[in-house]
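Read through the structure below, which is laid out as structure tokens, and then see the notes.
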Amino acid sequence: MNSTLLRTSAARSALRAAAPKSSTRAGLAGATFVRGKATLPDLPYDYGALEPAISGKIMELHHKNHHNTYVTSYNNFSTQIEEAKAKSDIAAQIALQPLINFHGGGHINHSLFWENLAPTSQGGGEPPSGKLAQAINESYGSLDAFKDRFNTALAAIQGSGWAWLVQDTQTGSVQIRTYANQDPVVGQFRPILGVDAWEHAYYLQYQNRKAEYFKAIWDVINWKAAEKRFK
Amino acid sequence: MRGITKLSIALSPLLFITSTAQSDQQPFQFEAMSAPSHTLPPLPYAYDALEPHISAQIMELHHSKHHQTYVTNLNAALKTQAEAVTTSDIPTQVSLQAAIKFNAGGHINHSLFWQNLAPASSAEAKSSAAPSLVSQIKATWGDETAFREAFKAALLGIQGSGWGWLVKVEAGKEQRLAIVTTKDQDPVVGKGEVPIFGVDMWEHAYYLQYLNGKAAYVENIWNVINWKTAEERFVGTRADVFKTLKASI
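In the order they appear, the protein sequences are chains A and B. Mapping to our numbering: the first sequence position 42 is 42, numbers consecutive. In our numbering, each residue's number is its place in the second sequence (first place is 1) plus 231.
Written out as structure tokens, the structure reads:
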């Protein structure tokens, strides 16, 4: 999973070519890249680019502060688990696993999330086509029916978490799954499209009216990115 | 605040009328379906009374929207459950348990939380208002500072939404204090567990003011802890702590 994320930096560079501001940041990020360490990926669009669906202030805090904390903490606990392994300290390794899951999951989830969003000017909200559209229709009847089901799943999350459209790697079919906190989509399921249902993802703009956020986010869903993840 | 008190009083006759009308039409089901309705308890202070530590905007949304939603959803789940009990529909009863735990937990947690906060300038907000509790805190953690550090570490260690509580654990004649964290809206209701005070670590409890700086929220919350309430809960029984819930039926 991690190596996939690191490799996607090439894809991101391609996206960034269209956005001069971001490519400046990309150069800096590239210069500070440390082999084996996770780094905060640049957004493929400006912080204000998803307005009015998601405010620039939310995007900036979410990316620069929240996501960055997951990256920093993941690297920190990753170093600690390496040290525990070197000392064959099994108890310490087990104690660190929930922290790796949480912070590594936070890094994975947010990296995928930024990519599966796009400003309307860059195709955000344009419906899926091809095989993914077909798979959604087979499972849910129509895109609108799928969105309704997805929003119901989002609203039913008790506490912090994510909803994902995933592909079952055994059957190839798609389904909606919710995950607690920062649990990432790994194992049997492949993440196709994720929506962050943590309060920090919408609270400054929508407060307790989370249903409005869930409705608005479809205007900035990048279905092209989702199609690339679908096998 | 007074407005809310009036509102709950004004609503009660309406609820009563509705129940009566229902009983006229369905006398047989009335008993099972008339699960008592829970109501939003009024705050014991104004929305802006905890400033600058917790903003009035946060308090108003938190109380009038978030807490209210738990109450509303709890009543709905309990009504459906009462119907499922009447019809001996066990699968439905079991499927409702998660919703009841979440929304009842939300109602319990917030009801206790409002009462264990107080304006920073009040006498209640000084730990001197809790002599016996502080004495046991010192016996357990060494001193108040060490306790606050341990509590802070527990709060900041929560992954996702949840709460941190100081809990009195009673086992026979023995009792001890413990710092307990719970996920989402899980309430502290275990056998022998008496919640002394709780801190809400959901992002909605601090985000509008502190953004991602939750350590500052955790630091500032100490200015508005109601030690008088904490002392009462500590010297009282589990039933005493939860009587606030019965008062808001």
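Note that CB positions come from ideal geometry on N, CA and C, so glycine has one too. Just so it is clear, the structure is predicted and the values come from calculations on it, not from any experiment.
Measure the alpha-carbon distance for residue i versus residue j and round it to whole angstroms.
i	j	result
THR79 (chain A)	ASN65 (chain A)	21 Å
LYS215 (chain A)	ALA180 (chain A)	21 Å
LYS210 (chain A)	SER363 (chain B)	43 Å
ILE221 (chain A)	SER160 (chain A)	21 Å
SER295 (chain B)	TRP453 (chain B)	23 Å
THR475 (chain B)	ASN457 (chain B)	15 Å
ALA213 (chain A)	HIS200 (chain A)	Here residue 213 (chain A) is Tyr; the residue named in the question, Ala, does not match the sequence. Their Cα atoms are separated by approximately 12 Å.
ILE157 (chain A)	GLN324 (chain B)	20 Å
ALA315 (chain B)	ILE321 (chain B)	7 Å
LYS85 (chain A)	LEU96 (chain A)	11 Å
ILE285 (chain B)	ASP279 (chain B)	8 Å
ASN76 (chain A)	LYS37 (chain A)	10 Å
GLU380 (chain B)	TRP372 (chain B)	10 Å
PHE378 (chain B)	ALA384 (chain B)	10 Å
LEU15 (chain A)	SER129 (chain A)	Because LEU15 (chain A) sits at a pLDDT of 39, beneath the cut-off of 50, its placement in the model cannot be relied upon, and the following sentence gives the value as read from the coordinates. Distance between the alpha carbons of LEU15 (chain A) and SER129 (chain A) is about 20 Å.
PHE33 (chain A)	ALA91 (chain A)	Bear in mind that a pLDDT of 39 at PHE33 (chain A), under 50, signals an unreliable position, so the number given afterwards is only what the model happens to contain. Straight-line Cα distance between these residues: approximately 31 Å.
LYS87 (chain A)	VAL365 (chain B)	42 Å
PRO418 (chain B)	GLY337 (chain B)	8 Å
Pop quiz: residue i and residue j are said to be a contact at Cβ under 8 Å. What is the actual Cβ separation, rounded to whole angstroms?
i	j	result
ILE331 (chain B)	GLN312 (chain B)	7 Å
ILE427 (chain B)	ALA478 (chain B)	Not really, about 19 Å apart at Cβ, beyond 8 Å.
ASN116 (chain A)	LEU50 (chain A)	At roughly 12 Å, the Cβ-Cβ gap does not stay under 8 Å, so ASN116 (chain A) and LEU50 (chain A) are not in contact.
ALA447 (chain B)	TYR441 (chain B)	5 Å
LYS147 (chain A)	TRP218 (chain A)	6 Å
TRP433 (chain B)	THR413 (chain B)	At roughly 11 Å, the Cβ-Cβ gap does not stay under 8 Å, so TRP433 (chain B) and THR413 (chain B) are not in contact.
THR178 (chain A)	ALA153 (chain A)	5 Å
LEU204 (chain A)	ILE58 (chain A)	5 Å
HIS110 (chain A)	TYR74 (chain A)	With a Cβ gap of about 11 Å, HIS110 (chain A) and TYR74 (chain A) do not count as contacting.
Please name the residue in the options whose C-alpha comes closest to that of residue i.
i	options	result
ASN334 (chain B)	B:ILE456, B:LEU309 and B:LEU408	B:LEU309
SER268 (chain B)	B:VAL302, B:ALA287, B:HIS298 and B:ALA470	B:VAL302
GLN496 (chain B)	B:ILE368, B:ALA377, B:ALA354 and B:ASN454	Since the first residue of chain B shown is 232 and the last is 480, residue 496 (chain B) is not available in this structure.
GLU450 (chain B)	B:VAL400, B:THR376 and B:VAL466	B:THR376
THR300 (chain B)	A:ILE100, A:SER73, A:ALA163 and A:ALA155	A:ALA155
GLN122 (chain A)	A:ALA225, A:ARG229, A:PHE230 and A:LYS231	A:ALA225
ILE136 (chain A)	A:TYR202, A:GLN207 and A:GLN175	A:GLN175
GLN170 (chain A)	A:ASP196, A:ASN151, A:THR39 and A:ARG190	A:ARG190
ILE108 (chain A)	A:SER88, A:GLN182 and A:PHE230	A:GLN182
How would you list, in chain order, the residues of chain B whose beta-carbon sits under 9 Å from the beta-carbon of residue i?
i	result
GLY141 (chain A)	Going along chain B, no residue has its Cβ under 9 Å from GLY141 (chain A), so there is no contact; the nearest lies around 25 Å.
LEU61 (chain A)	LEU442 and ASN443
Which bits of chain E does residue i rub up against, with CB to CB less than 9 Å?
i	result
TRP198 (chain A)	Here chain E cannot be found, since the structure's protein chains are A and B.
Can you list the residues of chain B that residue i reaches, using a CB-CB cut of under 8 Å?
i	result
GLY159 (chain A)	GLY391, SER392, GLY393, LYS414, ASP415, GLN416 and TRP433
TYR203 (chain A)	GLU434, HIS435, TYR438 and LEU439
HIS66 (chain A)	ASN443
In chain A, which residues lie with their C-beta within 8 Å of the C-beta of residue i?
i	result
LYS296 (chain B)	GLN207 and ASN208
PHE333 (chain B)	GLN158
LEU292 (chain B)	GLN207 and ASN208
Interface residues of chain B around residue i at Cβ under 7 Å?
i	result
PHE102 (chain A)	GLN390
ALA180 (chain A)	GLY391
At which residue ranges does the segment 396–425 of chain B contain complete beta strand (DSSP E) runs of 3 or more residues, listed in the order of the chain? 405–414
Which ranges does the alpha helix (DSSP H) cover as unbroken runs of at least 4 residues, wholly within the segment 99–149 of chain A, from first to last along the chain? 130–140
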